[in-house]
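Scroll down for the structure; my scribbles are underneath it.
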Amino acid sequence: MAPELNGKKFLLQGNEAMAEGAIAAGCRFFAGYPITPASEISERMSYRLPQVDGTFIQMEDEISSLGAVIGASLAGVKSMTATSGPGFSLMQENLGYACITEVPCVVVNVMRGGPSTGLPTSPAQGDVLQARWGTHGDHPVIVLSVSSVSECFSIIVTAFNLSEKYRVPVVVLSDEVVAHSRETFTIPAADSIEVVDRIVPNVPPEWYKPYEDNSRGVPPMAAMGDGYRHHVTGLVHDAHGFPTERPDEIEAFLKRQFRKITNGFFEIQITKKFNIEDAEIAVIAYGSVARSAHRAVAMARSQGIKAGLIQLVTLFPFPKSTVVNVMRQCKAVLVPEMNMGQISREAKRVNTGLTKVFKYNRIDGQLISPVEIFEELQKM
Amino acid sequence: MFSGMTELRHKYLRHHKKFPHVWCPGCGNGIVLGALIRAIERLNLEKDDIVFASGIGCSGRMPTYVDFNTLHTTHGRALTFATGIKLANPSLNVIAVMGDGDATAIGGNHFIHAARRNLDLTAIIINNQIYGMTGGQASPTTPYGAQSTTSPFSNIEHAFSIAELAVAAGASFVARGTVYHAAQLDKLLEKGINKIGFSVVEIMSNCHVQFGRRNQMGDPVTMLNWLKEHAVSKDNGSSMPPDSLDAKFTIGILADTDKPDYIEEYKKIRLKAQRG
Ligand SMILES: Cc1ncc(C[n+]2csc(CCOP(=O)(O)OP(=O)(O)O)c2C)c(N)n1
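Taken in order, these protein sequences are the chains called A and B.
So the numbering used here is basically just the index in the first sequence, starting at one, shifted up by 329.
So the numbering used here is basically just the index in the second sequence, starting at one, shifted up by 445.
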């Protein structure tokens, strides 16, 4: 019998908590290729999955890892892979395949310094826009980020749930600091975790149209082997799944991809607020920088500065309405990031003259500290 | 009353949905598809239990036409998707069809690792010695000295021997056939699908349009005759690869070995893990 971990307290690093979150979400297949600082996710999955009748496989690279993950999901099993920048670049091809075929899966990118081999053991947030636009072609995407060990667990569960519900790949961005920090964490009781499974068809197989539109824009998904023989292709396809070159079918198909995500904005765009109610200035942060920002806001408050924080858990679709509301209320916002300004770009895009957007950037492989953010807040 | 072949067509082809197909008249892909269907019929497999996956290329269109669980993946990656499907549901029969460029250029790494790993999959590689779909560029199996649209003066690279490569990489079952030797091809595919472990069937085929035309074999009959004249049956001697337009090459079964496949091995891993 596999050991029962639910309800017990552990000293876990972020990567390990991600593996546990995945298993709690129902993930039973993992394929990956070793890379710092993500390897501990693979290692823990190689140990844990066979305990719960799941399957782990180490593939020959990240292209094949995501290929195998998509294949397993097509056969009805919740699947995940985890990597860092160089591997995430290799995954872009099959990430697009998961988008166009609407196959649920979770891809974790534990960000390290880039480009190329970059800074393998240092944190960075340089892959944010790659997560949004890395694969070619117009496509909607869900990108989540984590800032603590407990979020590594809970946000992976959310990632699986959104992926299953909307039939999209979900990218989870972590970073080297979150991945390797150890915190005490109690794995929640199994029945306290909400788990969403994809909707499967309930019509007779001869009626099943695997890509037929409906009010949610998310067609039910049959697993291969369940009697609903159908075709899956990376070519743009019609409601039956067969390639089409008809402009009306192409447009309807691609627009549905966007519509299904837009319909879900309310639950997909996750943010966390701290001291925002009466804030006059605000920090917009995500990942490990949000931890520093939280502390900086507390420091500012103790000095009488009315500062607040919105932590972006969802980076894309960019939580525009929440951010805009804070912009209306504040005389300035600060976006600290371990890149040259990828989310501050988004903030500037949605700021139609409402406030002043300041950025604060570090790309030297060092975490942005609370004091640095506090000093920026004092200047604002 | 339908003839046997008509019955098979009705049973296996998505005839009312996906025809006409994209292949040129006389293309060897149709012979491969016929052989595959006959092999599956003889093995008495349920259509629901078959997954037929492909990469990208003319060969990549093959799954579109048959009534299985079908999957048209990315270029070179069919075996990676097949790996995930088989591991997620080992009761499925997973067959992948690939072109020579698909399997040995962009997908070469996946191919040798799938062979090494020995997961129970069947890989069919249609070797037409050229990139067909993109217009006749040189592939890793274009013979030395041949003409192509990217070797207009002569190909100075040497051809991969796909079947021999599969043997060296550890595949449990390896065979080579041709679209001329159709009766033998049925049997090779049947054996390959039936084999537990990774099986490879390399099929020498004719692309008279993109390969033959530039190499004095511009029609299917000439190319089929070329296959007939250059293929020799495997005796007990060593195998000969199809690496030049003049040399003979071996057809038949090149390897048939028994070793535990990945699924069997992984069952043991689960037992160990669950013993705690
Ligand atoms: C990543 C990528 N690179 C290139 C292509 C373009 N492409 C489509 S088919 C093909 C070659 C097909 O040749 P082969 O695999 O020998 O199969 P055939 O068409 O001869 O059956 C190429 C290069 C692609 N689809 N994807």
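Every residue, glycine too, gets a C-beta built ideally from N, C-alpha and C.
It is roughly 10 angstroms from the alpha-carbon of T410/A to the alpha-carbon of C356/A. Set against 8 angstroms, the gap from the CB of N573/B to the closest heavy atom of ligand 1 is smaller. DSSP places M507/B within a helical segment (H, G or I) once states are collapsed to three. Distance check between G697/B and each of K632/B, S584/B, V654/B, S617/B places K632/B closest, using alpha-carbon atoms only. Taking the Cβ atoms as the reference, I530/B lies roughly 6 angstroms from L537/B, within the contact range of under 8 angstroms.
One thing to note: F618/B has its Cβ within 9 angstroms of the Cβ of T702/B.
Looking from the CA of P533/A, the closest CA among G616/A, D567/A, H559/A belongs to H559/A.
I501/B and L644/A have their alpha carbons spaced roughly 33 angstroms apart. The straight-line gap separating the alpha-carbon atoms of E675/A and S621/A is approximately 21 angstroms. Near chain A, meaning a CB-to-CB distance below 9 angstroms, the residues of the region 512-527 of chain B are D512, F513, N514, T515, L516, H517, T518, T519, H520, G521, R522, A523, L524, T525, F526, A527.
In the DSSP assignment, A568/B falls within the unbroken beta strand (DSSP E) covering 567-572. At the C-beta level, C503/B and G544/B come within 9 angstroms of one another.
Each residue's CA atom was taken as its position, placing P705/B and G694/A some 47 angstroms apart. Closest option to S584/B, judged by alpha-carbon separation, among N563/B, I607/B, I569/B: I607/B. With the criterion set as a beta carbon lying under 7 angstroms from some beta carbon of chain A, the region 580-596 of chain B has no members that meet it.
The three-state secondary structure of Y426/A, taken from DSSP, is helix. Against chain B, the CB of I471/A has no partner CB under 9 angstroms away; the residue lies outside that interface.
The Cβ atoms of A480/B and A611/B do not sit closer than 9 angstroms to each other. For R487/B, the nearest beta carbon of chain A is not closer than 9 angstroms to its own beta carbon. With a cutoff of 9 angstroms on beta-carbon distance, I638/B and T567/B are scored as near each other. Across the region 412-430 of chain A, CB contacts with chain B closer than 8 angstroms involve E422, N423, Y426, in sequence order along the chain.
A check of alpha carbon separations from K712/B across P379/A, Y362/A, E333/A identifies P379/A as the nearest. By the rule that beta-carbons nearer than 9 angstroms mark a contact, D493/B touches chain A. Secondary structure at L502/A: strand, using DSSP grouped into helix, strand and coil. Remark: C-beta atoms of M420/A and E391/A approach each other more closely than 9 angstroms. Listed along chain B are H517, each with a C-beta nearer than 8 angstroms to that of L564/A.
Counting along the chain, L524/B sits inside the alpha helix (DSSP H) bounded by residues 523-533.
Contact between I495/B and I540/B is confirmed by a C-beta separation of about 7 angstroms, below the 8 angstroms threshold. Interface residue (Cβ-Cβ distance to chain A less than 9 angstroms): G577/B is not classified as such. Remark: the C-beta of T519/B is in contact range of ligand 1, defined as less than 8 angstroms to any heavy atom. Put simply, the backbone Cα of S451/A is about 29 angstroms away from that of R678/A. For T451/B, no chain A residue has a Cβ inside 7 angstroms of its Cβ, as the nearest lies near 21 angstroms away. Within 10 angstroms of the beta-carbon of E710/B lie fewer than 16 other beta-carbons, which makes it exposed.
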